[in-house]
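Numbered by UniProt numbering, the letters in the sequence shown go through residues 1 to 199 in order. This report refers to the structure that appears directly beneath it.
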Amino acid sequence: MPPRTPLFDPAGYFETRSETLQQGLAVFVAYTLLEVVWLSVVIWQLFVPDNTLAMTLNLLVTSATLGGITLLVVAAIMHFGSGGANASGSHTDAVAVAGWAYAPNIVVFVPTALYGWRQLQQLTYTTFTPEELTADIAAVPALSELAAVQLITAFIAILWSIYLLTHGISKTHSVLPKITVVPAFFIGIGSFILLVFGP
1 MPPRTPLFDP
11 AGYFETRSET
21 LQQGLAVFVA
31 YTLLEVVWLS
41 VVIWQLFVPD
51 NTLAMTLNLL
61 VTSATLGGIT
71 LLVVAAIMHF
81 GSGGANASGS
91 HTDAVAVAGW
101 AYAPNIVVFV
111 PTALYGWRQL
121 QQLTYTTFTP
131 EELTADIAAV
141 PALSELAAVQ
151 LITAFIAILW
161 SIYLLTHGIS
171 KTHSVLPKIT
181 VVPAFFIGIG
191 SFILLVFGP
């Protein structure tokens, strides 16, 4: 029986299915919505709800735009890094696999969010200046512990995504995993650098 998702057997999943774009995009949209909901909850927890609606809407637009661009860039890197026009797969196939590569983020999201929510319950700020908020948050020891947990779970998700990209594109583009692992690895390195040093 073919696997229902590519989480543990991406090669088997993409080998037995011809239409995967809708499912891949659905996974990407689900992750983007989860991210927006979680960040909105954090905003509502930290700020007095005078201007939180505007902040939430801004967050939704920003996340959707940046997420969509990232999805297309990852798909392009995987497609062209795995042979491009010389391979049997299309850019659409690469978008489907790239969408599914967000699934590990959904899996690790639940424990990370629950742990984060427990830590956030200790905080309620009514200040609106970024400098004061940054100083106040930095003074809370529990948040450094939260950051460490988020870093570990994000690292697991990145490794898992590299696995999905490598073996998924290998099947959709009919190339060896030793070829597809190279662009997948660089995407993983880029993700980790953005995670650690990004905004």
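Quick reminder that beta carbons are idealized off the backbone N, C-alpha and C, glycines included. All figures in this text were calculated on a predicted structure; none of them were measured in a lab.
Counted as a single uninterrupted DSSP element, the alpha helix (DSSP H) harbouring GLY188 occupies residues 177-197.
Between the alpha carbons of ILE156 and PHE8 lies a distance of about 14 Å. Rounded to the nearest angstrom, the gap between the Cα atoms of GLY83 and ALA64 is 29 Å. One thing to note: ALA101 has its Cβ no nearer than 7 Å to the Cβ of LEU57. Approximately 7 Å separates the beta-carbon atoms of GLY24 and ALA98; this is inside 8 Å, confirming the contact. For SER174, the number of other beta carbons within 10 angstroms of its own is below 16, and it is reported as exposed. With 16 or more other CB atoms across the displayed protein chains lying within 10 angstroms of its CB, GLU35 is buried. Within the region 89-124, the complete alpha helix (DSSP H) segments of 4 residues or longer fall at 91-100 and 103-120, listed in chain order. Counting the other CB atoms within 10 Å of its CB gives LEU71 a total of 16 or more, which places it among the buried residues. In the three-state DSSP reduction, PRO3 falls in the coil class, being neither helix nor strand. Counting of Cβ neighbours within 10 angstroms places SER161 among the buried residues, the total reaching 16 or more. Assignment of GLY84 by DSSP, reduced to helix, strand and coil, places it in the helix class.
Assigned with DSSP and collapsed to three states, THR20 falls in coil, not helix or strand.
Taking all protein chains in view, the Cβ of SER170 is crowded by 16 or more other Cβ atoms within 10 Å, so the residue is classified as buried.
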